[in-house]
Amino acid sequence: MREYADETSDGRALDVACGTGRNAVFLADRGYEVDALDQSIEGLRITRANAEEQDVADKINLIQTDATQFDYPEEYYDVATVSFFRTLDRLSDIKSALKPNGLLFYQHHLRSEPPAEVGPSTDRYRFCSNELLHACLDLTVLYYEESSEQWEGKHSATVELVARNSHGGTQSYPETQWPPVR
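For what it's worth, the working numbering labels the leading residue of the sequence shown as 317, then goes sequentially.
Here's what the structure looks like:
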């Protein structure tokens, strides 16, 4: 995210299912006004504490809500992040919330063989190979990678995507890491 988030700052950002606020704090520290959504009061409390510790609490608007029920405003955000939250049913709304040239950062767990030991206990909550990529073909994909690695001694499989809301531009595949190296 560092490579792309600095392209534009002092804009508006959305952190969907923010958890402990790692992305929200990162973006606020770079000048963004951030709406951080999470259903968990405890997660939002930790986000607030982390934001205060980094002196960016005034730049983060904490919103307690179910991200699948949130009313995403159209063309409002310069950046949107989704980390480890599977929400394909609302992805079109999240993409519509991006301003022209807005960036989407998405990271999530992936189905794999052997089965990953990190993340959801069932494949129901993991993406299939290329599922996220196919869901974002209406954006210009800048970076896409599916990876499998050891994390804290356990097998982990993740997918990362960075895409731009080009509004009518031609979809192109990223020049690096395509096809994904396995």
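Every residue gets a Cβ at the ideal spot worked out from N, C-alpha and C, and that includes glycine.
Item, Value
"Give the secondary structure of V341 by DSSP, where H, G and I count as helix, E and B as strand, and everything else as coil.", "helix"
"Measuring alpha carbon to alpha carbon, tell me which of R328, E349, P416, R361 ends up nearest T336.", "R361"
"Quick one: what does DSSP say E465 is sitting in, helix, strand or coil?", "strand"
"Note down the Cα distance separating L448 from F401, rounded to an integer number of angstroms.", "12 Å"
"With a Cβ-Cβ cutoff of 7 Å, do Y330 and A396 count as a contact?", "According to the sequence provided, residue 330 is Leu. The question's Tyr does not apply to it. Yes. Within cutoff."
"Going by the beta-carbon positions, is the gap between R480 and L458 smaller than 7 Å?", "yes"
"Y388 by DSSP, collapsed to three states: which one?", "coil"
"What are the start and end residues of the alpha helix (DSSP H) that includes H450?", "447-451"
"Should H424 be labelled buried (16 or more other beta-carbon atoms within 10 Å of its own) or exposed?", "buried"
"According to DSSP, is N417 helix, strand or coil?", "strand"
"Within 10 angstroms of the Cβ of R498, are there 16 or more other Cβ atoms? Answer buried if so, exposed if not.", "Here R498 scores only 48 on pLDDT, less than 50, and its place in the model should not be relied on; the value that follows carries that caveat. R498 should be labelled exposed."
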